[in-house]
Amino acid sequence: TTILAIETSCDETAVAVVQNRQVLAEAVASQIAQHQVYGGVVPEIASRQHLEVINVLLQQVQTATGLSWGELDAIAVTCAPGLVGALNIGLAAAKTLAILYQQPLVGIHHLEGHICAAYLTDPHLQPPFLCLLVSGGHTSLVAVREGQTYHPLGQTRDDAVGEAFDKVARLLGLGYPGGPAIDRLAPSGNPQAFALPEGKISLPGGGVHPYDMSFSGLKTAVRRLVEKIPPPLPVADVAASFQYTVVQALTRRAMRCALDQGLTTLVVAGGVAANRELRQTITATATQQGIRVIIPPMKYCTDNAAMIGCAGVIRLKQGQGSPLHLTSQSRMMLTDIHTLYGKAE
Ligand code: ATP
Ligand code: MG
Ligand code: FE
Numbered sequence: 002t003t004i005l006a007i008e009t010s011c012d013e014t015a016v017a018v019v020q021n022r023q024v025l026a027e028a029v030a031s032q033i034a035q036h037q038v039y040g041g042v043v044p045e046i047a048s049r050q051h052l053e054v055i056n057v058l059l060q061q062v063q064t065a066t067g068l069s070w071g072e073l074d075a076i077a078v079t080c081a082p083g084l085v086g087a088l089n090i091g092l093a094a095a096k097t098l099a100i101l102y103q104q105p106l107v108g109i110h111h112l113e114g115h116i117c118a119a120y121l122t123d124p125h126l127q128p129p130f131l132c133l134l135v136s137g138g139h140t141s142l143v144a145v146r147e148g149q150t151y152h153p154l155g156q157t158r159d160d161a162v163g164e165a166f167d168k169v170a171r172l173l174g175l176g177y178p179g180g181p182a183i184d185r186l187a188p189s190g191n192p193q194a195f196a197l198p199e200g201k202i203s204l205p206g207g208g209v210h211p212y213d214m215s216f217s218g219l220k221t222a223v224r225r226l227v228e229k230i231p232p233p234l235p236v237a238d239v240a241a242s243f244q245y246t247v248v249q250a251l252t253r254r255a256m257r258c259a260l261d262q263g264l265t266t267l268v269v270a271g272g273v274a275a276n277r278e279l280r281q282t283i284t285a286t287a288t289q290q291g292i293r294v295i296i297p298p299m300k301y302c303t304d305n306a307a308m309i310g311c312a313g314v315i316r317l318k319q320g321q322g323s324p325l326h327l328t329s330q331s332r333m334m335l336t337d338i339h340t341l342y343g344k345a346e
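Take the sequence shown: its letters are residues 2 to 346, numbered as in UniProt numbering.
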């Protein structure tokens with residue numbers, strides 16, 4: 002099964018051709034430079050930028066594969082969740098090609114894409130497994146079961162972990178995007194320099210929710226710390242202490258969840274899975290407990306189209322396709338994926 006995939010949900014324009022679990026060609030245009038001066042993604046600029054580069058990327062990928070779009074099995078496109086104006090650019094391109102080349106259209110949930118990046122990494126991987134999904138806008142523990150169904154078990158009650166990285170980086174004057182900046186700086190700091198609170202969710206009857214998470218209190222604690230310490234601020238120590246606290250919180254929840262659920266494979270996916278300390282710590286801890294860990298290479302952790310193609314292959318093989326009137330949505334739960342599929346046209 003050969004699929005052209007398009008991803009434009011945020012600030013990366015990405016196009017790929019995927020054959021089953023293999024990437025035949027891919028191209029990504031990052032908009033970081035355009036948004037950097039504003040300290041975050043500006044939706045209107047993102048849409049315009051996608052529109053400017055998408056045809057060039059499509060051309061590049063087509064040339065690299067030597068395929069005609071008529072030889073595909075389907076066109077997959079991210080349609081939710083994300084910035085609606087940005088998603089619409091990818092959706093318009095995908096629909097146009099689907100009509101021109103008489104290809105089935107498959108709308109893909111962006112987070113399913115992040116999870117499916119694991120299939121590119123381990124070509125033999127099959128459900129069931131646990132996925133720790135850590136991205137810019139989402140943080141959750143999801144059991145992936147037979148038939149590629151999603152069963153959320155825990156999640157953040159406030160900020161996503163990527164969002165926390167970005168906000169803390171801003172407090173520390175490290176700029177945007179914050180995750181990679183903290184990742185780079187933390188190894189030169191002392192992770193024990195400051196004791197920061199690991200956010201916990203209390204249960205009504207007492208005790209702590211085993212899998213749910215909270216990162217806004219941690220962010221506030223860092224802000225207080227920054228305000229309290231007399232200058233010069235030990236930026237590397239604060240970054241290291243913050244990263245250490247986050248990695249401990251995520252690792253603990255993921256281990257507990259995997260062991261409770263009897264899931265022996267753990268996938269870590271989403272932009273924050275690119276974080277080196279998280280990769281090392283969670284791999285070492287899980288391995289000790291007899292849990293196998295799969296983390297995609299960095300370029301398939303952050304937004305890319307290969308993961309969308311991989312999800313497209315799965316949906317197409319299950320006979321699922323989307324109508325040509327498919328629309329974009331800013332929010333959508335993983336458990337609502339079936340609403341994207343009617344009868345393929
Ligand atoms: P979502 O997938 O939830 O819709 P998104 O697509 O914007 O959000 P991703 O592209 O998956 O998010 O990930 C981007 C996030 O990952 C940003 O918050 C960024 O700071 C974070 N990130 C990227 N690299 C690293 C890293 N090395 N360490 C920590 N965080 C990182
Ligand atoms: Mg991005
Ligand atoms: Fe993403």
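All residues carry an ideal CB built from backbone N, CA and C; glycine is no exception.
Proximity test, residue i beta-carbon vs the ligand FE heavy atom, cut-off 6 Å
| i | result |
| --- | --- |
| residue 304 | yes |
| residue 136 | yes |
Start and end residues, beta strand (DSSP E) containing residue i
| i | result |
| --- | --- |
| residue 132 | 130-135 |
| residue 210 | Segment: none, residue 210 is in no beta strand (DSSP E) and carries neither H nor E. |
| residue 37 | Per DSSP, residue 37 belongs to no beta strand (DSSP E); it is in the alpha helix (DSSP H), 33-37. |
Inter-residue Cα distance where the pair is residue i and residue j
| i | j | result |
| --- | --- | --- |
| residue 194 | residue 237 | 10 Å |
| residue 301 | residue 308 | 7 Å |
| residue 34 | residue 266 | 37 Å |
| residue 14 | residue 24 | 17 Å |
| residue 211 | residue 102 | 50 Å |
| residue 156 | residue 252 | 13 Å |
| residue 331 | residue 110 | 11 Å |
| residue 186 | residue 244 | 10 Å |
| residue 184 | residue 280 | 11 Å |
| residue 240 | residue 135 | 18 Å |
Buried or exposed (CB count within 10 angstroms, at least 16 for buried), residue i
| i | result |
| --- | --- |
| residue 82 | buried |
| residue 285 | exposed |
| residue 146 | exposed |
| residue 45 | exposed |
| residue 39 | exposed |
| residue 248 | buried |
| residue 229 | exposed |
Member of the options whose CA lies at the smallest distance from the CA of residue i
| i | options | result |
| --- | --- | --- |
| residue 26 | 282, 180, 324, 58 | 58 |
| residue 204 | 158, 61, 323 | 158 |
| residue 2 | 126, 322, 182, 315 | 315 |
| residue 65 | 90, 22, 119, 5 | 5 |
| residue 113 | 190, 271, 220 | 271 |
| residue 121 | 20, 130, 164 | 20 |
| residue 1 | 12, 149, 22, 255 | Residue coverage of the chain in this structure runs from 2 to 346, which leaves residue 1 outside it and unanswerable. |
| residue 139 | 215, 192, 78, 199 | 215 |
Run of the alpha helix (DSSP H) containing residue i, from where it starts to where it stops
| i | result |
| --- | --- |
| residue 144 | It is not in any alpha helix (DSSP H) - residue 144 instead sits in the beta strand (DSSP E) that spans 140-146. |
| residue 124 | Residue 124 -> no alpha helix (DSSP H), and no H or E assigned at all. |
Residue i CB to nearest heavy atom of the ligand MG below 6 Å
| i | result |
| --- | --- |
| residue 167 | no |
| residue 12 | yes |
Distance cut-off 6 Å: residue i Cβ against heavy atoms of the ligand ATP
| i | result |
| --- | --- |
| residue 184 | yes |
| residue 43 | no |
| residue 15 | no |
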